[in-house]
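In the numbering used here, the protein residues as written are 1 to 900. Beta carbons are placed, not taken as given, at the ideal position from N, Cα and C, and that holds for glycine. To start, the structure itself, in C-alpha cells.
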C-alpha cells in the first residue's frame with residue numbers, strides 16, 4: 001500500500017515536471033554521444049579510506065637475499081594494449097588515455113612474497129592522470145599493489161599487506177592501468193627498473209636492464225602504433241618505402257662536389273689537378289697558421305716556407321665581396337674564394353678572415369675527399385658565403401649526460417659542414433652539468449642521479465638512470481673540461497652558447513641549493529631560489545611538483561649573477577662569452593600563488609598583478625644582469641611572450657638593455673595562441689633563430705615506426721628530407737590566423753619588414769631518450785647535413801616553389817649523401833642512422849631501392865646462412881630479409897622482411 005502511494009506520487013511529480021524530464025533526457029543523450037565510443041576501464045582507485053583511518057598491517061622486512069632474487073628472477077613485460085580507449089575524445093587531435101598492461105612472471109624457484117620492497121619504474125606519461133594528485137598512492141585493481149608518484153617520471157609499486165598474493169615459482173601475474181596521452185613507441189618506456197627496501201641495497205631488475213628495452217612488447221596492431229583512430233601514420237612496409245623512395249628520387253641524380261652548396265661555382269670536369277703527397281706542398285702562412293695545420297694534418301701534405309712554381313696550395317688574405325640579401329655588396333667575414341688551376345697546378349684560397357679561410361679549407365677538404373686517395377680535383381672556381389650568420393645545433397646534456405669527447409666529435413663534423421653555433425643545454429630538472437666555482441653542490445648533488453629519496457647525495461633517478469650514479473644520468477664538465485670544449489670550438493670557429501634553464505626546468509638547481517642551505521654552518525641563504533614554506537601547488541609539463549625558481553627573492557638574483565659571472569670567467573681568454581641563454585620555457589601555471597614573498601611584492605607593486613607579470617619581471621632582471629657585463633641573452637620563444645587577452649605577443653624590445661636578444665622559435669608554426677610570432681619578434685627588433693619542432697627537433701623519429709627512437713609531440717616523423725625541405729615560406733603557415741589585437745599595426749604580422757633579424761636556423765637534440773653516444777649520433781646524423789645545407793645555401797625552389805626543381809635538388813642531395821658524405825662520416829666514427837631499404841616483388845623478382853642512392857642492400861641467403869648483396873632484379877621464392885649496409889661495411893640498418 002505504501003509502495004503504491006509512493007509510486008503514484010512520483011508519477012504525479014514527473015507529470016508536472018515534463019521540462020525537467022526533457023532536460024534530463026537531453027543531458028543523457030549528450031553524455032551518450034560524447035562518450036559513445038569510450039571504453040575506458042576502471043583500472044585503479046584512490047587509496048582506500050579505511051586504510052587511511054586505520055592504517056595498514058605492517059609488512060615483513062625484506063632481506064638483501066630476497067631483493068637480489070627478485071631482481072634476478074622477476075620477468076617484467078610491459079604491453080601497450082589500446083591507444084583508442086578514450087573514443088571520440090581523441091578526435092580533432094584530442095588527448096585521452098592509453099590502456100597498458102604489466103605482466104610479472106616469477107622465473108625463480110622461490111615465491112615472491114609481500115614485504116616492504118618497492119619496485120621503481122619510469123613513465124613519461126602520467127599514470128592514472130584522472131586521479132592525480134594522489135599523495136597516498138592509488139590501488140591498481142587486481143594487483144595487490146599500490147602505485148605512488150614520486151616526482152617527474154618516477155613511480156614505485158609496493159605490495160599491500162593482506163591483499164598482495166605471493167607470486168609462486170613460474171607463476172604469471174598481470175594487471176592493467178592507464179597512462180595519459182599516447183604510447184606508440186618502444187622508447188616511450190625507460191630501462192633499468194629497480195627494487196629496493198629499507199636497509200638493503202637497491203638492485204636493477206635484470207629483465208629491464210640495458211638499452212634493448214626487450215621488456216616492452218611488440219606494437220603489432222593499429223591500436224598500438226596509432227595515437228588516435230584518424231592518425232594517418234603507420235609503420236612503413238618495404239613496399240611503401242620503395243614507393244616513397246621512387247617518388248622522391250629523380251633518375252639521373254648527381255653527386256654534388258661540395259656540401260653545403262656554394263653560393264657560386266663554376267666547374268670543368270674535363271680538366272683536373274692530381275695531388276700527390278710527395279710532390280705537393282702547402283705554403284706556410286703566418287696569417288692562417290691553424291688552417292695550414294688542418295690541411296697538413298688531414299691529408300699528410302707537407303708544409304713549405306717558399307712558394308714553388310707549381311703543385312702548391314696557397315692561402316691568401318684578401319677581400320671577398322658578396323651581395324647580401326639586402327642587395328648591398330660588402331666584404332663578408334665568412335666568405336672565401338677557392339680556385340683550382342690545372343694549368344699551373346696551383347690551388348688558391350682567398351679570405352679576409354681566419355673564419356672565411358677555415359670554410360674555404362673545409363670546401364677543399366670536401367673536394368679532395370671526393371676522389372681521395374687518388375687526389376684528382378677538377379678545374380673549379382668557387383665564390384662562397386653563408387645565407388645565415390647563425391647555423392646552430394643544440395644538444396641537451398642535462399637530461400642525460402654526454403662526455404666532452406662525444407661533444408667534440410660532434411663539433412668536428414659540425415665544422416666540416418660549416419655550422420658555427422653549439423648551444424649546450426647545461427641544466428634542467430634532471431641535472432646540472434657544469435662546475436660553478438663557489439657552489440659545489442650544483443655538481444656534487446645536482447649532477448648525479450641515484451636512489452636517494454631524501455636527495456641528500458644525488459637527485460632522484462629519472463628517465464631510466466637506475467639506482468646508481470654510474471649511468472648517463474650522472475656526470476658534469478669540470479672547469480677544465482669546459483675550457484677544453486671552448487678551446488676546441490675556437491679552433492673550429494664554433495661559438496659555444498651555454499644555457500641554464502630558468503625559472504622553470506630548475507629542479508636540479510633547487511635541490512642542490514636546498515642541500516647547501518641545510519648543511520651551511522652559518523645558515524647561509526645567499527643563493528636561495530625558493531621559499532621553504534611556499535605552499536604553491538603546481539605540476540610542470542614533465543610531472544615535477546617543484547621545479548620553478550622564485551622571482552620574488554633577492555637571493556635568486558644573487559644566484560643568477562653568480563652563475564653568469566663564473567661562466568663569463570670560464571670563457572675569458574679563450575672565447576669571450578657573447579650570449580647567455582637562460583631558457584625560460586614551459587613554466588608551470590601559477591607556480592608562485594602561495595609564495596609569501598610574491599604576495600608581498602604584488603601588494604607593493606600595482607604593475608605585478610599576475611604570475612605572467614612576475615615572469616616578465618624575472619626575465620627583465622636576468623637580462624639586465626647580463627647587460628651589465630655586456631652580454632646578450634637568448635631564450636626560448638615562450639619566455640619572451642606576454643599574455644594579451646587570449647593571445648601571446650612579444651615583450652617590447654625596448655624593455656631590454658642588451659645589445660641583442662635572441663629568441664628561439666621552437667613550437668609548431670601554426671600555434672593558435674601565439675600566431676605570427678616569428679615575424680612579430682623580427683619586426684620588433686629581436687634576433688630570431690628558427691628552431692621549429694616539426695622540422696628541426698632531432699629527438700623525433702625518422703619514420704613513424706614504434707622501433708624508431710624518439711618523442712613525437714611536434715610531428716610523428718621528421719625525415720632527413722623534411723628537414724632539408726624547410727623554407728622561410730613555411731613561416732607563413734599561420735597566415736590564416738588573425739593578427740593578435742595587441743600586436744599594433746596589423747601589417748606587422750603579415751609582412752616581414754626586418755628580414756635581417758631572421759638570423760639563422762638551429763637543430764635541437766633533447767636527450768630524454770638519448771642515453772649513449774651512439775644514440776646521439778643516430779638522432780643527429782644525417783639530418784644535421786640537411787640543416788647545414790638550408791642554413792648556408794638558399795635554393796632556387798625556395799623562391800619559385802617549383803616542385804620539379806625541388807625534387808631534382810633533393811635527388812642530388814640524396815645521391816651526395818649515399819655516394820660521398822656518409823663515407824666521410826664513417827671516417828669520423830659517426831654512427832649515423834642507416835636508412836632502411838625499400839623493396840617490392842614483381843613477377844617473383846625482388847627490386848630494392850634506398851633513400852640515399854649509392855648505399856648497398858643485402859639479403860639473407862638462407863642456404864649459405866650469410867648476408868649477400870642484392871644484384872639487379874633477383875628471383876625469390878619466399879620471404880626475404882633485407883638490410884642496408886654502411887659504405888665502410890661495418891654497420892647495418894635494422895632488418896626488414898618482404899613477403900612474396
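Residue i versus the options, residue with shortest Cα-Cα distance
i	options	result
residue 317	310, 305, 333, 304	333
residue 750	193, 730, 625, 570	730
residue 120	171, 413, 466, 134	466
residue 336	846, 346, 320	320
residue 344	422, 356, 275, 167	275
residue 656	670, 640, 666	640
residue 185	425, 687, 226, 818	226
residue 766	399, 383, 195, 58	399
residue 592	604, 611, 607	611
residue 203	362, 773, 68	68
residue 626	602, 597, 558, 670	558
residue 175	707, 418, 41	41
residue 454	675, 799, 151, 66	151
residue 360	309, 415, 391, 407	415
residue 301	277, 827, 221, 607	277
residue 671	426, 760, 738	738
residue 854	253, 595, 134	253
residue 232	784, 785, 715	715
residue 699	705, 711, 692	711
Euclidean distance between Cα positions of residue i and residue j
i	j	result
residue 580	residue 509	17 Å
residue 263	residue 255	17 Å
residue 179	residue 469	28 Å
residue 869	residue 863	14 Å
residue 340	residue 832	32 Å
residue 745	residue 684	12 Å
residue 900	residue 240	15 Å
residue 394	residue 422	6 Å
residue 895	residue 883	5 Å
residue 898	residue 823	28 Å
residue 734	residue 431	36 Å
residue 456	residue 515	7 Å
residue 885	residue 187	24 Å
residue 237	residue 439	54 Å
residue 139	residue 43	9 Å
residue 624	residue 658	7 Å
residue 648	residue 669	14 Å
residue 784	residue 73	43 Å
Beta bridge counterpart(s) of residue i as assigned by DSSP
i	result
residue 861	866
residue 853	855
residue 174	103
residue 938	Not covered by the structure: residue 938. The range shown for the chain is 1 to 900.
residue 46	138
residue 145	140, 159
residue 874	846
Any C-beta of chain C under 9 Å from that of residue i
i	result
residue 748	Among the chains of the structure shown, chain C does not appear; only one protein chain is present.
Near the ligand SAH: residue i beta-carbon under 8 Å from a heavy atom
i	result
residue 625	Because no ligand of any kind appears in the structure shown, any question about the ligand SAH cannot be addressed here.
(Q) For the pair the segment 197–214 and the segment 803–815, tell me if three or more CB-CB distances fall below 8 Å. (A) no
Q: Within the segment 759–819, note down every full alpha helix (DSSP H) run reaching 4 residues or more, in order along the chain.
A: 773–780, 783–792, 797–800, 803–816
Q. Counting pairs of Cβ atoms below 8 Å between the segment 497–511 and the segment 570–585, do you hit three or more?
A. Three or more beta-carbon pairs drawn from the segment 497–511 and the segment 570–585 are found closer than 8 Å, and the two stretches are therefore classed as touching.
Q | Segments of 4+ residues assigned as alpha helix (DSSP H) that fall wholly inside the segment 190–268 | A | 222–225, 238–248
Q) If we count Cβ pairs, one from each stretch, closer than 8 Å, do we get three or more for the segment 873–880 versus the segment 267–274? A) no
Q) Counting pairs of beta carbons, one from the segment 191–203 and one from the segment 96–113, are three or more of them closer than 8 Å? A) no
Q. How do the segment 525–535 and the segment 567–576 stand: do at least 3 beta-carbon pairs fall below 8 Å, yes or no?
A. no
**Q.** Any 3 or more C-beta pairs closer than 8 Å across the segment 778–785 and the segment 672–689
**A.** no
Q. What are the start and end residues of each continuous beta strand (DSSP E) run of 3 or more residues lying completely inside the segment 402–478, in chain order?
A. Entirely contained in the segment 402–478, the beta strand (DSSP E) runs reaching 3 residues are, in chain order, 421–425.
(Q) Please give the ranges of any beta strand (DSSP E) in the segment 646–697, keeping only runs that are unbroken, at least 3 residues long and fully inside the region. (A) Segments of the beta strand (DSSP E) lying fully in the segment 646–697: 647–650, 661–665, 687–690.
(Q) For the segment 104–114 against the segment 124–134, do three or more pairs of beta-carbon atoms, one drawn from each stretch, fall closer than 8 Å, so that the two count as touching? (A) Of all C-beta pairs linking the segment 104–114 to the segment 124–134, fewer than three are shorter than 8 Å, placing the two stretches out of contact.
Q: Ignoring anything shorter than 4 residues or poking outside the segment 285–352, list the alpha helix (DSSP H) runs there in chain order.
A: 289–299
Q: Just list the beta strand (DSSP E) runs in the segment 578–650, keeping only unbroken ones of 3 residues or longer that don't cross its boundaries, in chain order.
A: 579–583, 632–636, 641–644, 647–650
Q: Identify every run of the alpha helix (DSSP H) within the segment 493–523, keeping only runs that are complete inside it and at least 4 residues long; order them along the chain.
A: 507–518
Q. Between the segment 552–567 and the segment 592–611, do three or more beta carbon pairs fall short of 8 Å?
A. yes
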